[in-house]
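Working notes, beginning with the structure itself.
Numbering (this note's numbering), first residue to last: 99 to 471.
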(Lines of atoms letter the chains of each structure in order from A and count residues from 1; the text may use other names and numbers.)
(Lines give C-alpha, C1' and ligand atoms only; values in the text may rest on other atoms or scores of the structure.)
Protein backbone atom coordinates (compact mmCIF):
# COMPACT_ATOMS: atom_id res chain seq x y z
CA UNK A 1 0.00 0.00 0.00
CA UNK A 2 1.21 3.53 -0.80
CA UNK A 3 0.58 6.20 1.83
CA UNK A 4 0.88 9.83 0.78
CA UNK A 5 1.62 12.78 3.08
CA UNK A 6 1.27 16.09 1.22
CA UNK A 7 2.36 19.49 2.49
CA UNK A 8 -0.63 21.31 3.93
CA UNK A 9 -1.99 24.04 1.67
CA UNK A 10 -4.48 25.39 4.22
CA UNK A 11 -3.51 28.89 5.32
CA UNK A 12 -1.51 28.86 8.57
CA UNK A 13 -1.73 25.09 8.98
CA UNK A 14 1.69 24.13 10.32
CA UNK A 15 1.04 20.58 11.48
CA UNK A 16 1.87 17.37 9.63
CA UNK A 17 -0.28 14.26 9.95
CA UNK A 18 2.51 11.70 10.43
CA UNK A 19 5.95 12.39 11.85
CA UNK A 20 9.10 10.43 10.86
CA UNK A 21 8.50 7.90 13.64
CA UNK A 22 5.10 7.07 12.16
CA UNK A 23 6.56 6.80 8.67
CA UNK A 24 9.23 4.43 9.99
CA UNK A 25 6.56 2.15 11.48
CA UNK A 26 4.64 2.00 8.20
CA UNK A 27 7.76 1.33 6.14
CA UNK A 28 8.84 -1.43 8.54
CA UNK A 29 5.40 -2.99 8.05
CA UNK A 30 6.11 -3.23 4.32
CA UNK A 31 4.33 -0.14 3.03
CA UNK A 32 5.60 2.68 0.84
CA UNK A 33 5.27 6.24 2.15
CA UNK A 34 5.55 9.26 -0.14
CA UNK A 35 6.16 12.58 1.64
CA UNK A 36 6.10 15.92 -0.14
CA UNK A 37 9.26 17.91 0.48
CA UNK A 38 8.78 20.50 3.19
CA UNK A 39 5.71 18.78 4.65
CA UNK A 40 7.14 18.68 8.16
CA UNK A 41 9.40 21.74 8.21
CA UNK A 42 6.98 23.91 10.20
CA UNK A 43 7.08 21.23 12.91
CA UNK A 44 10.88 21.03 12.69
CA UNK A 45 10.78 17.63 10.96
CA UNK A 46 13.24 17.88 8.10
CA UNK A 47 13.12 16.14 4.74
CA UNK A 48 16.29 14.31 5.81
CA UNK A 49 14.46 12.92 8.85
CA UNK A 50 11.70 11.52 6.64
CA UNK A 51 14.28 10.15 4.22
CA UNK A 52 16.07 8.37 7.06
CA UNK A 53 12.73 6.95 8.20
CA UNK A 54 12.36 5.30 4.80
CA UNK A 55 10.02 7.72 3.04
CA UNK A 56 10.20 8.54 -0.66
CA UNK A 57 10.38 12.31 -1.10
CA UNK A 58 8.20 13.92 -3.77
CA UNK A 59 8.84 17.43 -5.03
CA UNK A 60 5.26 18.30 -5.92
CA UNK A 61 1.84 17.65 -4.48
CA UNK A 62 0.40 16.17 -7.67
CA UNK A 63 2.73 13.18 -7.32
CA UNK A 64 1.65 12.58 -3.73
CA UNK A 65 -2.08 12.84 -4.46
CA UNK A 66 -1.84 10.94 -7.73
CA UNK A 67 0.21 7.96 -6.54
CA UNK A 68 -1.08 7.38 -3.01
CA UNK A 69 -3.65 4.73 -2.14
CA UNK A 70 -4.21 6.45 1.21
CA UNK A 71 -3.77 10.21 1.58
CA UNK A 72 -3.11 11.30 5.16
CA UNK A 73 -3.64 15.02 5.78
CA UNK A 74 -4.54 17.50 8.48
CA UNK A 75 -7.18 19.65 6.78
CA UNK A 76 -9.51 18.62 3.93
CA UNK A 77 -8.01 18.98 0.46
CA UNK A 78 -8.69 22.03 -1.65
CA UNK A 79 -10.94 21.67 -4.67
CA UNK A 80 -7.84 21.64 -6.90
CA UNK A 81 -6.16 18.97 -4.77
CA UNK A 82 -9.27 16.79 -4.93
CA UNK A 83 -8.95 16.60 -8.72
CA UNK A 84 -5.53 14.96 -8.33
CA UNK A 85 -6.87 12.07 -6.23
CA UNK A 86 -7.10 8.88 -8.27
CA UNK A 87 -10.29 6.85 -8.40
CA UNK A 88 -11.27 4.64 -5.44
CA UNK A 89 -8.61 5.98 -3.07
CA UNK A 90 -8.87 6.78 0.65
CA UNK A 91 -8.60 10.22 2.26
CA UNK A 92 -7.94 10.79 5.96
CA UNK A 93 -8.18 14.30 7.44
CA UNK A 94 -10.15 16.42 9.86
CA UNK A 95 -13.67 17.25 8.70
CA UNK A 96 -14.91 20.80 9.34
CA UNK A 97 -18.55 21.78 8.95
CA UNK A 98 -17.54 25.46 8.87
CA UNK A 99 -15.74 24.99 5.55
CA UNK A 100 -17.96 22.30 4.05
CA UNK A 101 -17.60 22.79 0.30
CA UNK A 102 -20.30 21.15 -1.85
CA UNK A 103 -18.05 21.27 -4.93
CA UNK A 104 -15.23 19.54 -3.03
CA UNK A 105 -17.60 16.85 -1.77
CA UNK A 106 -18.96 16.34 -5.28
CA UNK A 107 -15.41 15.98 -6.61
CA UNK A 108 -14.57 13.38 -3.97
CA UNK A 109 -17.84 11.60 -4.66
CA UNK A 110 -17.18 11.49 -8.40
CA UNK A 111 -13.77 9.93 -7.68
CA UNK A 112 -15.48 7.22 -5.60
CA UNK A 113 -13.30 8.32 -2.69
CA UNK A 114 -13.60 6.85 0.79
CA UNK A 115 -13.17 9.75 3.23
CA UNK A 116 -12.56 9.52 6.97
CA UNK A 117 -12.78 12.45 9.39
CA UNK A 118 -10.46 12.15 12.39
CA UNK A 119 -12.84 14.18 14.52
CA UNK A 120 -15.73 11.83 13.64
CA UNK A 121 -13.98 8.67 14.89
CA UNK A 122 -15.93 7.55 17.97
CA UNK A 123 -15.85 4.61 20.37
CA UNK A 124 -18.85 2.79 21.84
CA UNK A 125 -18.98 5.13 24.83
CA UNK A 126 -19.20 8.24 22.68
CA UNK A 127 -15.57 9.21 23.21
CA UNK A 128 -13.74 10.92 20.34
CA UNK A 129 -10.10 9.86 20.74
CA UNK A 130 -8.45 11.97 18.03
CA UNK A 131 -10.56 15.07 18.60
CA UNK A 132 -10.07 14.81 22.36
CA UNK A 133 -6.30 15.02 21.98
CA UNK A 134 -6.45 18.16 19.83
CA UNK A 135 -9.14 19.66 22.08
CA UNK A 136 -6.90 19.21 25.10
CA UNK A 137 -4.10 21.13 23.39
CA UNK A 138 -6.49 23.88 22.28
CA UNK A 139 -7.90 24.23 25.79
CA UNK A 140 -4.45 24.65 27.30
CA UNK A 141 -3.63 27.41 24.81
CA UNK A 142 -6.75 29.50 25.43
CA UNK A 143 -5.46 31.52 28.43
CA UNK A 144 -2.42 32.57 26.39
CA UNK A 145 -4.66 33.65 23.52
CA UNK A 146 -7.11 35.45 25.78
CA UNK A 147 -4.31 37.22 27.64
CA UNK A 148 -2.84 38.45 24.37
CA UNK A 149 -6.07 39.99 23.07
CA UNK A 150 -7.10 41.47 26.40
CA UNK A 151 -3.96 43.61 26.16
CA UNK A 152 -4.47 47.31 25.56
CA UNK A 153 -2.35 47.37 22.40
CA UNK A 154 -4.57 44.69 20.86
CA UNK A 155 -7.71 46.72 21.54
CA UNK A 156 -8.67 44.70 24.60
CA UNK A 157 -9.86 45.93 27.98
CA UNK A 158 -6.32 46.05 29.33
CA UNK A 159 -7.11 43.46 31.99
CA UNK A 160 -4.56 41.01 33.41
CA UNK A 161 -6.00 37.50 33.60
CA UNK A 162 -4.69 36.80 37.08
CA UNK A 163 -4.94 40.31 38.50
CA UNK A 164 -2.48 41.57 41.11
CA UNK A 165 -2.66 42.23 44.84
CA UNK A 166 -5.66 44.42 45.59
CA UNK A 167 -7.00 44.27 42.01
CA UNK A 168 -9.54 41.67 40.83
CA UNK A 169 -8.62 39.05 38.26
CA UNK A 170 -10.37 38.77 34.90
CA UNK A 171 -13.77 37.10 34.75
CA UNK A 172 -13.99 34.18 32.32
CA UNK A 173 -17.20 32.45 31.24
CA UNK A 174 -16.87 29.08 29.50
CA UNK A 175 -19.89 27.60 27.72
CA UNK A 176 -19.39 23.84 27.44
CA UNK A 177 -17.67 21.45 29.83
CA UNK A 178 -16.32 18.96 27.31
CA UNK A 179 -12.61 18.38 26.78
CA UNK A 180 -11.89 21.89 25.46
CA UNK A 181 -14.01 23.59 28.09
CA UNK A 182 -12.77 21.57 31.05
CA UNK A 183 -9.11 21.82 30.03
CA UNK A 184 -9.54 25.56 29.44
CA UNK A 185 -11.18 25.95 32.85
CA UNK A 186 -8.23 24.34 34.61
CA UNK A 187 -5.78 26.42 32.57
CA UNK A 188 -7.60 29.69 33.30
CA UNK A 189 -7.74 28.83 37.01
CA UNK A 190 -4.00 28.17 36.86
CA UNK A 191 -3.56 31.64 35.36
CA UNK A 192 -5.43 33.13 38.31
CA UNK A 193 -8.67 34.09 36.55
CA UNK A 194 -12.17 33.93 38.03
CA UNK A 195 -13.87 31.15 36.09
CA UNK A 196 -17.49 30.13 35.58
CA UNK A 197 -18.42 27.12 33.45
CA UNK A 198 -21.90 26.42 32.09
CA UNK A 199 -23.13 23.17 30.59
CA UNK A 200 -26.36 21.22 30.22
CA UNK A 201 -24.73 18.10 31.70
CA UNK A 202 -24.64 18.32 35.49
CA UNK A 203 -22.41 15.25 35.78
CA UNK A 204 -19.76 17.04 33.72
CA UNK A 205 -20.02 20.09 35.95
CA UNK A 206 -19.68 17.99 39.11
CA UNK A 207 -16.64 16.25 37.68
CA UNK A 208 -15.05 19.56 36.72
CA UNK A 209 -15.68 21.04 40.16
CA UNK A 210 -13.88 18.08 41.71
CA UNK A 211 -11.00 18.35 39.22
CA UNK A 212 -10.47 22.02 40.05
CA UNK A 213 -11.02 21.50 43.79
CA UNK A 214 -14.02 23.80 43.64
CA UNK A 215 -11.96 26.74 42.39
CA UNK A 216 -14.55 27.45 39.70
CA UNK A 217 -18.23 28.34 39.71
CA UNK A 218 -20.62 26.26 37.65
CA UNK A 219 -24.14 26.81 36.38
CA UNK A 220 -26.69 25.04 34.23
CA UNK A 221 -26.65 26.64 30.80
CA UNK A 222 -29.87 28.60 30.23
CA UNK A 223 -30.58 31.88 28.42
CA UNK A 224 -31.23 33.48 31.81
CA UNK A 225 -27.92 32.36 33.32
CA UNK A 226 -26.03 33.47 30.23
CA UNK A 227 -27.65 36.90 30.13
CA UNK A 228 -27.13 37.65 33.81
CA UNK A 229 -23.38 37.02 33.53
CA UNK A 230 -22.48 38.51 30.14
CA UNK A 231 -22.23 42.09 31.35
CA UNK A 232 -19.51 41.24 33.88
CA UNK A 233 -17.13 39.04 31.91
CA UNK A 234 -13.84 39.82 30.21
CA UNK A 235 -13.50 36.54 28.28
CA UNK A 236 -16.16 34.29 26.78
CA UNK A 237 -15.12 30.82 25.60
CA UNK A 238 -17.58 29.07 23.30
CA UNK A 239 -16.85 25.35 23.55
CA UNK A 240 -20.18 23.86 22.54
CA UNK A 241 -20.04 20.74 20.40
CA UNK A 242 -22.68 18.23 19.42
CA UNK A 243 -20.82 15.31 17.90
CA UNK A 244 -21.28 14.97 14.17
CA UNK A 245 -23.46 18.07 13.92
CA UNK A 246 -23.10 21.79 13.44
CA UNK A 247 -22.83 23.67 16.73
CA UNK A 248 -25.96 25.60 17.77
CA UNK A 249 -25.76 29.38 18.27
CA UNK A 250 -25.92 29.43 22.05
CA UNK A 251 -24.62 33.02 22.09
CA UNK A 252 -26.77 35.31 19.95
CA UNK A 253 -25.95 38.70 18.49
CA UNK A 254 -28.13 40.25 21.19
CA UNK A 255 -25.93 38.55 23.79
CA UNK A 256 -22.77 39.95 22.21
CA UNK A 257 -24.22 43.47 22.35
CA UNK A 258 -24.53 43.10 26.14
CA UNK A 259 -20.82 42.39 26.59
CA UNK A 260 -18.21 44.93 27.65
CA UNK A 261 -16.30 46.82 24.98
CA UNK A 262 -12.87 45.27 24.54
CA UNK A 263 -13.89 41.92 25.98
CA UNK A 264 -12.82 38.80 24.09
CA UNK A 265 -14.80 35.93 22.56
CA UNK A 266 -12.92 32.72 21.79
CA UNK A 267 -15.25 30.59 19.64
CA UNK A 268 -13.55 27.22 19.75
CA UNK A 269 -16.58 25.59 18.11
CA UNK A 270 -15.91 27.41 14.85
CA UNK A 271 -14.71 24.24 13.10
CA UNK A 272 -18.25 22.92 13.58
CA UNK A 273 -19.88 26.16 12.46
CA UNK A 274 -19.43 28.16 15.66
CA UNK A 275 -21.64 28.58 18.74
CA UNK A 276 -21.59 32.40 18.61
CA UNK A 277 -23.94 33.97 16.08
CA UNK A 278 -21.53 36.79 15.22
CA UNK A 279 -18.54 34.50 14.63
CA UNK A 280 -16.89 33.75 11.31
CA UNK A 281 -13.75 31.68 10.68
CA UNK A 282 -10.44 33.51 11.13
CA UNK A 283 -6.80 32.47 10.68
CA UNK A 284 -3.59 32.65 12.68
CA UNK A 285 -2.34 35.37 10.33
CA UNK A 286 -5.53 37.39 10.77
CA UNK A 287 -6.98 35.97 13.99
CA UNK A 288 -9.51 38.55 15.17
CA UNK A 289 -12.26 40.91 14.11
CA UNK A 290 -14.36 43.30 16.17
CA UNK A 291 -18.15 43.24 16.22
CA UNK A 292 -20.21 45.44 18.52
CA UNK A 293 -16.98 46.46 20.24
CA UNK A 294 -16.16 42.85 21.19
CA UNK A 295 -13.02 41.09 19.95
CA UNK A 296 -13.83 37.81 18.19
CA UNK A 297 -11.21 35.06 17.85
CA UNK A 298 -12.42 32.12 15.75
CA UNK A 299 -9.42 30.15 14.47
CA UNK A 300 -10.36 26.58 13.58
CA UNK A 301 -6.90 25.04 13.91
CA UNK A 302 -5.70 26.39 17.26
CA UNK A 303 -3.30 23.45 17.92
CA UNK A 304 -1.26 24.56 14.88
CA UNK A 305 0.15 27.26 17.19
CA UNK A 306 2.22 24.49 18.78
CA UNK A 307 2.66 22.47 15.61
CA UNK A 308 5.39 20.12 16.81
CA UNK A 309 3.56 19.08 19.99
CA UNK A 310 0.31 18.72 18.05
CA UNK A 311 1.98 16.66 15.31
CA UNK A 312 3.41 14.24 17.87
CA UNK A 313 0.00 13.87 19.51
CA UNK A 314 -1.83 13.44 16.22
CA UNK A 315 0.69 10.87 14.96
CA UNK A 316 0.15 8.80 18.10
CA UNK A 317 -3.62 8.81 17.59
CA UNK A 318 -4.00 8.26 13.83
CA UNK A 319 -1.11 5.87 13.16
CA UNK A 320 -3.08 2.78 14.28
CA UNK A 321 -5.96 3.67 11.92
CA UNK A 322 -3.56 4.39 9.07
CA UNK A 323 -1.82 1.07 9.73
CA UNK A 324 -5.15 -0.76 9.74
CA UNK A 325 -6.18 0.59 6.33
CA UNK A 326 -2.68 0.17 4.90
CA UNK A 327 -2.65 -3.48 5.94
CA UNK A 328 -6.18 -4.39 4.89
CA UNK A 329 -7.32 -1.74 2.44
CA UNK A 330 -10.75 -0.12 2.63
CA UNK A 331 -12.18 -3.52 3.53
CA UNK A 332 -10.46 -3.19 6.92
CA UNK A 333 -13.01 -0.53 7.88
CA UNK A 334 -15.53 -3.34 8.29
CA UNK A 335 -13.45 -4.74 11.17
CA UNK A 336 -13.34 -1.54 13.22
CA UNK A 337 -16.54 0.10 14.49
CA UNK A 338 -14.73 3.24 15.64
CA UNK A 339 -13.32 3.80 12.17
CA UNK A 340 -16.71 3.14 10.59
CA UNK A 341 -18.19 6.01 12.59
CA UNK A 342 -15.49 8.29 11.18
CA UNK A 343 -16.40 7.58 7.54
CA UNK A 344 -18.48 10.24 5.77
CA UNK A 345 -17.92 9.00 2.21
CA UNK A 346 -17.65 5.33 1.29
CA UNK A 347 -16.71 4.70 -2.32
CA UNK A 348 -18.22 8.09 -3.08
CA UNK A 349 -21.53 7.55 -1.27
CA UNK A 350 -22.42 9.74 1.72
CA UNK A 351 -22.69 7.76 4.95
CA UNK A 352 -22.96 10.58 7.50
CA UNK A 353 -26.49 11.88 8.24
CA UNK A 354 -25.52 15.46 9.12
CA UNK A 355 -23.20 15.83 6.14
CA UNK A 356 -25.98 14.53 3.91
CA UNK A 357 -28.47 16.95 5.48
CA UNK A 358 -26.22 19.98 4.94
CA UNK A 359 -25.46 18.99 1.34
CA UNK A 360 -28.96 17.83 0.51
CA UNK A 361 -27.60 14.42 -0.47
CA UNK A 362 -29.10 10.99 0.13
CA UNK A 363 -27.46 9.07 2.95
CA UNK A 364 -26.73 5.35 3.11
CA UNK A 365 -25.61 3.76 6.42
CA UNK A 366 -22.08 2.45 6.11
CA UNK A 367 -22.95 -0.97 7.53
CA UNK A 368 -25.46 -1.34 4.71
CA UNK A 369 -22.80 -0.55 2.10
CA UNK A 370 -20.28 -2.87 3.74
CA UNK A 371 -22.78 -5.74 3.86
CA UNK A 372 -23.21 -5.53 0.08
CA UNK A 373 -19.51 -6.17 -0.58
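Every residue, glycine too, gets a C-beta built ideally from N, C-alpha and C.
- By a beta-carbon distance limit of 8 angstroms, residue 338 contacts residue 348. Their separation comes to about 5 angstroms.
- Nearest in C-alpha terms to residue 213, of all of 423, 108, 379 and 456, is 423.
- DSSP, reduced to helix, strand and coil, places residue 191 within a strand of the structure shown.
- Listed as beta-bridge partners of residue 292 by DSSP are 269.
- Counting C-beta atoms within 10 angstroms of its own C-beta, residue 115 has 16 or more neighbours from the protein chains shown and is therefore classed as buried.
- Secondary structure at residue 447: strand, using DSSP grouped into helix, strand and coil.
- In this structure, the alpha-carbon of residue 429 lies about 52 angstroms from that of residue 252.
- In the structure shown, the three-state DSSP call for residue 315 is strand.
- Residue range 177-180 is occupied by the alpha helix (DSSP H) that includes residue 178.
- Runs of the beta strand (DSSP E) lying entirely within the region 377-419 and spanning at least 3 residues, in chain order: 386-389 and 392-395.
- Residue 130 is bridged by DSSP to 100.
- Per DSSP, the beta bridge partners of residue 213 are 189 and 443.
- Looking from the CA of residue 368, the closest CA among 334, 113 and 344 belongs to 344.
- Of all C-beta pairs linking the region 201-210 to the region 139-158, fewer than three are shorter than 8 angstroms, placing the two stretches out of contact.
- With respect to residue 163, residue 183 sits close: the two C-beta atoms are nearer than 8 angstroms.
- Counting only runs of 4 or more residues that sit fully inside the region 139-166, the alpha helix (DSSP H) segments are 145-150 and 159-165, in chain order.
- DSSP, read as helix, strand or coil, puts residue 332 in coil.
- A contact between stretches requires three or more CB pairs, one per stretch, nearer than 8 angstroms, and the region 219-226 fails this requirement with the region 294-310.
- About 6 angstroms separates the CB atoms of residue 443 and residue 206; that is less than 8 angstroms, so the two are in contact.
- For residue 364, the three-state secondary structure derived from DSSP is strand.
- Separation of residue 299 and residue 396 (C-alpha to C-alpha, rounded to the nearest whole angstrom) is 25 angstroms.
- Within its own chain, the residues whose Cβ lies closer than 8 angstroms to the Cβ of residue 181, once the five positions on either side in sequence are excluded, are 205, listed in chain order.
- Between residue 103 and residue 170, the C-beta spacing is below 8 angstroms.
- Secondary structure at residue 278: helix, using DSSP grouped into helix, strand and coil.
- In the DSSP assignment, residue 349 forms a beta bridge with 374.
- For residue 297, the beta-bridge partners assigned by DSSP are 318.
- Around the CB of residue 262, fewer than 16 other CB atoms lie within 10 Å, so the residue is classed as exposed.
- Residues of the same chain with a CB within less than 6 angstroms of the CB of residue 365, apart from the 5 flanking positions on each side, are 336, 372, 374, 377 and 396 in chain order.
- Shown here for residue 270: same chain residues with a beta carbon closer than 6 angstroms to its own, the five before and five after excluded, namely 286, 291, 293 and 333 in chain order.
- Secondary structure of residue 168 (DSSP, three-state): strand.
- Taken atom to atom, the span from the alpha-carbon of residue 120 to that of residue 409 is near 11 angstroms.
- Looking at the backbone, the Cα of residue 432 and that of residue 313 are separated by about 46 angstroms.
- Apart from the 5 residues on each side of it in sequence, residue 360 sits with its Cβ closer than 6 angstroms to the Cβ of 254 and 255 in its chain, given in chain order.
- With fewer than 16 neighbouring CB atoms inside 10 Å of its own CB, residue 318 falls in the exposed class.
- With a threshold of 16 other beta carbon atoms within 10 Å, residue 188 meets it and is buried.
- Take residue 356, set aside five residues on each side of it, and the residues of its chain with a beta-carbon closer than 8 angstroms to its own are 325, 328 and 329, in chain order.
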